[in-house]
Structures are given as structure tokens and as C-alpha cells.
Ligand code: PSV
Ligand code: MN
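Residue numbers (UniProt numbering): 1 to 426.
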């Protein structure tokens, strides 16, 4: 890991320029009555979890080009997240995917978590692949399967995920189902839905009372005719039946092109059912690109809804869990994750600039142009000095990717872990 003195040394020559830009931004925003210290405090507090499966090189069904030094064990995955968190102070938790991340030595892992000041975010079940020696196959579904034995196996797997999570202090189970059909007539829509609802109810029953179940939706892939949970409405209806501990998870890549995701966020907040996010960038579908790389304005508009909801007393939504769910096929995964976090913090900072009272006035007066310009003005403001200040105040690097490169961390990892890896990069 990086010694804090080294980060300090790295920051020193950058401080002058940073102070200059920070002072300018402070003056500019101060003139608009904004409390910059408060914005920076909120950025420092904002944390986005890193999934264990995004630390290795990803791939497509055509190939994978590993760059080496990737984590070979859960312990090494934790090391990588700890390193990211040292660099930017914004990723203090890791999400696990079972069975890839079954802890071998729970006590040692607990100690490592403590030493690296990390926590376990959520535990994700995997019923989209068959595992060795598993009696029933998920080829035709898991929680929605026509055969009880397959459903029961998938239910037990989810309960087992909760048990692994409990041992490490997690409190969230994320369920994403690949269940669906590839051809018309293959699956009875209503019956498949009901079987899923019943299976989820069995898992929900087995969950501790302080746990949350996040239900993810996805319109297509791996099934291309229908998915059992294709949209937020289906997730929402399942949550409604299950109870207060069930919440909808929005994965940005799980929408058809041009879907108004910010409106979905607004709706779910209104219903108090927005449980979590999987951030990524999308050009065509579930592309799993760097968050904010394709549609930064959309990312800002999503945060605009989140901040609006957080400031409205009428909104009773519980705390939202944030995670990056991306795949890194061409970039160094750690650099890509640092970029994503930076874009997320930037979108959040911009949303904090919006004058909500003024926006409400423009909306009430149906002043379309002023309302739109108010949002555009926030979006076009350069908030990078605020994000950098947040990194700095968290003990991180003013330029996390610069520090990562200056410290030749990838080279070190390749030396320690080797060129080839067994990593599960999706
Ligand atoms: C499915 O595309 C998904 O977004 C779900 O969150 C999975 O858990 C994750 O990718 C990794 O498989
Ligand atoms: Mn996801």
C-alpha cells in the first residue's frame, strides 16, 4: 500500500495550482450564495462501493486481454479497493459476488477490513451460471424455473449469500436474475413472474430484519425475447409485495436506448423504493463503460433528482447504496474506477449547485427556458477544484490517476502477482 507521506509528496508540487483554482471557484460560487465548504464536506462524505468483479480486466464473448497484476484472491481484491480508497478517499467498501468471493478465513478477512478501513457493501448472488457439482441447472432460469428443485437451489444460494455477508458485517443482498426466455412461447409470462415472487418471498423471510434486498432489473441479455424482471415497474411491484426491506436497484446500463433514467429515479424516490445504483457508462446497452464517459449530462440529471429528493422533507426514501458496476476491457481497471468515481463526484457536486427554490419558481411559472438554463449553468460549472479538494481533505491525491502512475502501481502489482491472473473480470 501507499505510504501517506508519498501522497503528501506527490501533492506538494500541485498545491499551488490547486489553491489558485479553488479560490477562484470559491469566489465564483460564493457570489451566488453557495457554501463551498459545505459542498466539499458532502463530497468527502460521499462513498461509492467497488465491486470485486471489476478489479480485473473484463472482456467480451470474443476475447479478453488481461493486463496482469490482477487480484487472485479476495484478500488481494480488498488490497486493490484499499489502494483506490487511499488515492481518492471515496471508495471505502467492496461488494462481493458469491460464489466467486466466498471467504476462506473470516477472522483474517475481518482483520484486513479493519486495517484497511473498509466495509463490505452488498453481497451479490449468482444464479446466472451453473457451478461445478450443482445438481440443478439454471439454463432455463433460477428463481423462476419451472422445476421446484432448481428454484429451491437458487433460493438456498441466496440465503447462503446472506450468511456469508452476515459473517463480514454486510447488510445488503443484491439479486439480479438472468431469468427469461429467448423465443415467443418458451415461457408463461404470468406464471414465471409468480414463481419469482414466491421464491423472492422465501429469501426475504430468511433475511435478518436489518438487511435490505435490492432487486435489479434488466431489459435484455442473456435472454433476448423476455426477461422476468425487465424494468423498474416489475422490480417495484415485487418490492411492494415483499415489504419495506426490499428496494429497487437501478443499473444505469440496464435500460433501452434513450430511456429517461432520471425520471425513473424521481419516481422511485417518490415511492420511497430507490435502494441502490450500479453506475456505469452506456452507449448502446449494458456496455459497462466508464461512468459519465458517454452521457455526462444524464449523470448530472440523475444526481439532480437525488439531491432534490434528499432536500425534500416529503421524500422518505432510505439511504441509497452506490456502487460502480463496470467492465474494463481496454483500460487499466484501477484507473477506470478512479475515473468513474471522479465523474460521479463531479455530477454530484454540480447537482449541489442548483438553486432549488429558483428552479421551483421557474417550474411554477412554466418558464421553460430559465428552468433549463438553470440546470445547464450548474452542469457547465467547472467543479473539479471542489472534487480535488475533497480528495485532499480525505488524505488522498490531488490527481489520483497521476499518483497511481507516478508510483508505478500496476508495475508493482505485476511483479507481485504475475502477468497472468485467474481474475473474474466480466
Ligand atoms: C448484470 O448485467 C449485472 O449488472 C448484475 O449487477 C450482476 O450482478 C453484475 O452485472 C455482474 O454479473
Ligand atoms: Mn448491475
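Think of the CB as a built atom: it goes at the ideal place given N, C-alpha and C, for glycine as much as any other residue.
These figures come from a predicted structure and were not determined experimentally.
* Count the other C-beta atoms from every protein chain shown that fall within 10 angstroms of the C-beta of residue 188, then say buried if there are 16 or more, exposed otherwise. => exposed
* For residue 204, the first and last residue of its enclosing alpha helix (DSSP H) -> 189 to 206
* **First through last residue of the beta strand (DSSP E) which encompasses residue 322** => 321 to 324
* Asked: Does any heavy atom of the ligand SAM sit closer than 7 Å to the C-beta of residue 325?
  -> This structure lacks the ligand SAM; the ligands present are the ligand PSV and the ligand MN.
* **For residue 304, three-class secondary structure by DSSP** => helix
* Return the chain-ordered ranges of every beta strand (DSSP E) run that is complete within the segment 102 to 190 and spans a minimum of 3 residues. => 119 to 124, 172 to 175
* **CA-to-CA distance, residue 283 to residue 258, given in whole angstroms** => 10 Å
* Asked: For the alpha helix (DSSP H) that contains residue 369, what are its first and last residues?
  -> 368 to 380
* Compare the C-alpha of residue 23 against each of 406, 371, 385, 42 and name the closest. => 385
* To do: Over the uninterrupted beta strand (DSSP E) stretch that includes residue 16, give me the two end residues.
  => No beta strand (DSSP E) contains residue 16, which is instead part of the alpha helix (DSSP H) from 4 to 31.
* Can you grab the Cα-Cα spacing for the pair residue 153 / residue 217, in whole Å? => 21 Å
* **Where residue 76 falls: helix, strand or coil (DSSP)** => helix
* Hey, residue 427 and residue 119: beta-carbon distance below 8 Å or not? -> Because the chain spans 1 through 426 in this model, residue 427 falls outside it and cannot be assessed.
* Asked: With distances taken from CA atoms, which of 372, 131, 311, 392 is nearest residue 41?
  -> 392
* To do: Would you mind sorting residue 288 into buried or exposed? The rule is 16 or more other CB atoms within 10 Å of its CB.
  => buried
* Asked: Less than 7 Å between the CB of residue 255 and some heavy atom of the ligand PSV, yes or no?
  -> no
* residue 102 versus residue 177: straight-line alpha-carbon distance, rounded -> 20 Å
* Do the CB positions of residue 245 and residue 207 come within less than 8 Å of each other? -> yes
* Neighbourhood of residue 295 by C-beta, 8 Å cutoff - its chain only, sequence neighbours within 5 removed -> 281, 282
* Asked: Do residue 223 and the ligand PSV come close, with the Cβ less than 7 Å from some heavy atom?
  -> no
* Asked: So, helix, strand or coil for residue 232, using DSSP?
  -> helix
* Write down the C-beta distance between residue 115 and residue 417 rounded to the nearest angstrom, noting that I regard them as a contact closer than 8 Å. => About 19 Å separates the two Cβ atoms, so there is no contact after all.
* **DSSP state of residue 298 mapped onto helix, strand, coil** => helix
* Where does the unbroken alpha helix (DSSP H) through residue 38 begin, and where does it stop? -> 36 to 45
* **Cβ distance (whole Å) where residue 192 is taken to contact residue 144 below 8 Å** => 4 Å
* **Boundaries of the beta strand (DSSP E) in which residue 96 is found, first to last residue** => 93 to 97
* For residue 58 versus residue 329, is the C-beta distance shorter than 8 Å? -> yes
* Quick one: what's got a C-beta closer than 7 Å to residue 265's C-beta in the same chain, skipping five residues either side? -> 250, 274, 302, 305, 306
* Could you round the C-beta distance between residue 158 and residue 223 to whole angstroms and report it? I think they count as a contact, below 8 Å. => Incorrect: roughly 20 Å between the Cβ atoms, too far for contact.
* Are residue 253 and residue 286 closer than 8 Å when you measure CB to CB? -> yes
* **N-terminal and C-terminal residue of the alpha helix (DSSP H) that residue 336 is part of** => 333 to 352
* Specify whether the segment 349 to 367 and the segment 117 to 137 touch according to this definition: at least 3 beta carbon pairs, one from each stretch, less than 8 Å apart. => no
* **Residues of its chain near residue 405, where Cβ-Cβ distance is below 7 Å and the 5 sequence neighbours each way are ignored** => none
* Asked: If you compare alpha carbons, which of 398, 355, 379 is closest to residue 292?
  -> 379
* Local conformation of residue 273 per DSSP, three classes -> coil
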